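Visitor:
Residue numbers (this note's numbering), protein chains in the order written: chain Z, 175 to 453; chain B, 175 to 453.
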């Protein structure tokens, strides 16, 4: 059982994993240095535990203790109990769904590891918005993709907001951070992937003409503001566009990812889509 | 040209259209009572003006004036000029992209009006999140759907956050607020629509088995927390599910909307998808 630690003072140093959760810059530095990430809400905390992540501590108001006792059982770490107002002043926001937990940040697998055996991957270049990163993970997982690769500057999938929007899919879906971004088109090609650069370019091929039976596909999506870099647009095996109505200039990157992953989902491997024919 | 009004005091009563823009409850009441909505950022303000919406005023810091003069030309309303800090204390947040504008809230068309001539509509039941509503509008517009119908309690597409996420597509895509929600399945059926209730129910038909050549389709999506009501699930012509990988329990409603609208987009009407065959 966790060790219940009732505290009055939100400035208590034992609570430092939880300070200023809405301050993205501060949290990015702090979580990297200390090797932690934060999960918010019972559902997400539960999924992190189920996926084998190691908690450092829990934090909640008194009234959530009973309901979450079963969840915390077997984890010999502190459970800090604080008044809701003190939690708010510590974290900087009102925690709606009871519990917070700090977890050890895992060491990421190598790019080679996540590509081994994968048939469908998504590659994200420099997404800045954690909500978008979380939403992409959720769709990528839903449509049976195997892994995600991130550019060096892409926003963190284990940032609290990403984790929450992803509904915990960041815990299940393997992902790796690429160091040599420039070489990535070659890396993927050598690993047997056909790379698809998602773009708004008018001479790109429409998404619905891509053969979804190809064995290994990598869907590459660019940042919210500028889309994919020239390097990727020049180096990918195919430039692919999602056909849109006149006067509409773009889709949100999370919507693009959902549509591309749906359209290119692996077929015939699991029961749920095997029986269906043309769309 | 707008009438430049330089102000020092963020409490000036002339600025009252812009108070507390992050306070959803207050804004919902205030915008309804005064018949206004707020557009944020040059791009969105431009689209509102292009779509013919009538501005009540503009609000910006001095340094944005030159760049936006052309945009405001021809609109004989006040342009309030305030220091950035005063704008922040008035609105409650840091305005990144220069301009805000208050517009007259338009009278919505009737349900009958938006259904006339429409081939594809989306129906939203009780979505609570403005970001989701905006994201749905953006995807719905991108894939050539003709209109959106909203349940009485569905979040407001003209709330600042919805408008921003929708990238102005709320200005172009006709939508109506339904009064008699209970009768909506019948209303749509009488108007010649096949209604598709999007659900996670295991006995629902998979999305990719739906014939996308059907003339009139209404895609019905439920709220973030509970999905579609029993009434809709019982009354729709078809219950439809998006096949997902094992262990994944749901998609975000905006992702579901993007995938469903993509899959069921009207074919053969415009050039961009006419040439493509099976999905």
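A virtual CB, placed ideally from N, CA and C, is assigned to each residue, including glycine.
In this text the structure is predicted, and so the values were computed from the model without any measurement.
In terms of DSSP beta bridges, what is residue 401(B) paired with?
Guide: The sequence position of residue 401(B) within the second chain is 227, counting from 1. For residue 401(B), which the question treats as bridged, DSSP gives the partners 397(B).
Visitor: Report back the beta-carbon spacing between residue 322(B) and residue 311(B) to the nearest angstrom; my notes put them in contact at under 8 Å.
Guide: As a working mapping, residue 322(B) is identified with position 148 in the second chain. As a working mapping, residue 311(B) is identified with position 137 in the second chain. Right, the Cβ-Cβ distance comes to about 7 Å (below 8 Å), so this counts as a contact.
Visitor: Closer than 7 Å, CB to CB, is residue 395(B) near chain Z or not?
Guide: Counted from its first residue, the second chain places residue 395(B) at position 221. Taking Cβ atoms only, chain Z never reaches closer than 7 Å to residue 395(B), which makes this a no.
Visitor: For residue 309(B), go through chain Z and note every residue whose CB falls closer than 8 Å to its CB, in chain order.
Guide: The residue labelled residue 309(B) in the question sits at position 135 within the second chain. Simply 426, 428 and 429.
Visitor: Do the CB positions of residue 239(Z) and residue 395(Z) come within less than 7 Å of each other?
Guide: For the purposes of this step, residue 239(Z) is taken as the residue at position 65 of the first chain. For the purposes of this step, residue 395(Z) is taken as the residue at position 221 of the first chain. Not in contact: residue 239(Z) and residue 395(Z) (Cβ atoms no closer than 7 Å).
Visitor: Pull up the CB-CB distance for residue 256(B) and residue 181(B), whole angstroms please, since I reckon it's below 8 Å.
Guide: Translated into the one-based positions of the second chain, residue 256(B) becomes position 82. Translated into the one-based positions of the second chain, residue 181(B) becomes position 7. Correct: roughly 5 Å between the Cβ atoms.
Visitor: Fully enclosed by the segment 327-380 of chain Z, which beta strand (DSSP E) runs are 3 residues long or longer?
Guide: 349-351 and 368-372
Visitor: Taking the straight line between their C-alpha atoms, what separation do you get for residue 437(Z) and residue 385(Z)?
Guide: Indexing the first chain from 1 puts residue 437(Z) at position 263. Indexing the first chain from 1 puts residue 385(Z) at position 211. Each residue's alpha carbon lies about 10 Å from the other.
Visitor: Using the beta-carbon of each residue, which ones in chain Z are nearer than 7 Å to residue 318(B)?
Guide: Locating residue 318(B) in the second chain gives position 144, where the first residue counts as 1. Ordered by position in chain Z, the residues that pass the 7 Å Cβ test against residue 318(B) are 419.
Visitor: Taking only three categories from DSSP, how would you classify residue 385(Z)?
Guide: Position 211 of the first chain, counted from the start, is the residue given in the question as residue 385(Z). Residue 385(Z) falls in the coil class under three-state DSSP.
Visitor: Residues of chain Z with CB under 8 Å from residue 343(B), in chain order?
Guide: Taking the second chain and counting its residues from 1, one reaches residue 343(B) at position 169. Per Cβ cutoff of 8 Å: 422.
Visitor: Do residue 284(Z) and residue 435(Z) have their CB atoms nearer than 7 Å?
Guide: Locating residue 284(Z) in the first chain gives position 110, where the first residue counts as 1. Locating residue 435(Z) in the first chain gives position 261, where the first residue counts as 1. It is not a contact, given that the beta carbons lie outside the stated cut-off.
Visitor: With a threshold of 7 Å between beta-carbons, can residue 313(B) be considered close to chain Z, or not?
Guide: For the purposes of this step, residue 313(B) is taken as residue 139 along the second chain, with counting starting at 1. True, the Cβ-Cβ gap to chain Z drops below 7 Å.
Visitor: Indicate whether residue 251(B) and residue 229(B) have their beta-carbon atoms separated by less than 7 Å.
Guide: Position 77 of the second chain, counted from the start, is the residue given in the question as residue 251(B). Position 55 of the second chain, counted from the start, is the residue given in the question as residue 229(B). Against a cut-off of 7 Å, the Cβ pair of residue 229(B) and residue 251(B) comes out as a contact.
Visitor: What residues from chain B crowd round residue 436(Z), counting only those whose CB sits closer than 8 Å?
Guide: Walking along the first chain from the start, residue 436(Z) turns up at place 262. Simply 416, 433, 436 and 437.
Visitor: Once you ignore the five residues that flank residue 447(B) on each side, which residues in its own chain have a CB closer than 7 Å to its CB?
Guide: Within the second chain, residue 447(B) is the residue found at index 273, counting from 1. Legend: pLDDT at residue 447(B) = 41, less than 50; position of this residue unreliable, no value from coordinates given.
Visitor: Between the segment 327-352 of chain Z and chain B, which residues of the former have a C-beta closer than 8 Å to a C-beta of the latter?
Guide: Taking 8 Å as the Cβ-Cβ cut-off against chain B, the residues of the segment 327-352 of chain Z that qualify are 339, 341, 343 and 346.
Visitor: Alpha carbon to alpha carbon, how far is residue 185(Z) from residue 204(Z)?
Guide: The residue given as residue 185(Z) occupies position 11 in the first chain. The residue given as residue 204(Z) occupies position 30 in the first chain. Cα to Cα, residue 185(Z) sits roughly 16 Å from residue 204(Z).
Visitor: Is residue 192(Z) buried or exposed, if buried means 16 or more other CB atoms sit within 10 Å of its CB?
Guide: By 1-based counting over the first chain, the position of residue 192(Z) is 18. Classification of residue 192(Z): buried, given that the 10 Å Cβ count is 16 or more.
Visitor: Using the Cβ count rule (16 or more neighbours within 10 Å means buried), how would you classify residue 388(Z)?
Guide: On the first chain, residue 388(Z) is found 214 positions in, with the first residue counted as 1. Counting Cβ neighbours within 10 Å, residue 388(Z) comes out exposed, since fewer than 16 surround it.
Visitor: Rounded to whole angstroms, what is the Cα-Cα separation between residue 189(B) and residue 422(B)?
Guide: What you label residue 189(B) is simply residue 15 of the second chain in a count that begins at 1. What you label residue 422(B) is simply residue 248 of the second chain in a count that begins at 1. Between residue 189(B) and residue 422(B), the C-alpha separation is close to 47 Å.
Visitor: Hey, would you say residue 454(Z) sits closer than 7 Å to residue 222(Z), going by beta carbons?
Guide: Nothing about residue 454(Z) can be read from this structure; chain Z reaches only from 175 to 453.
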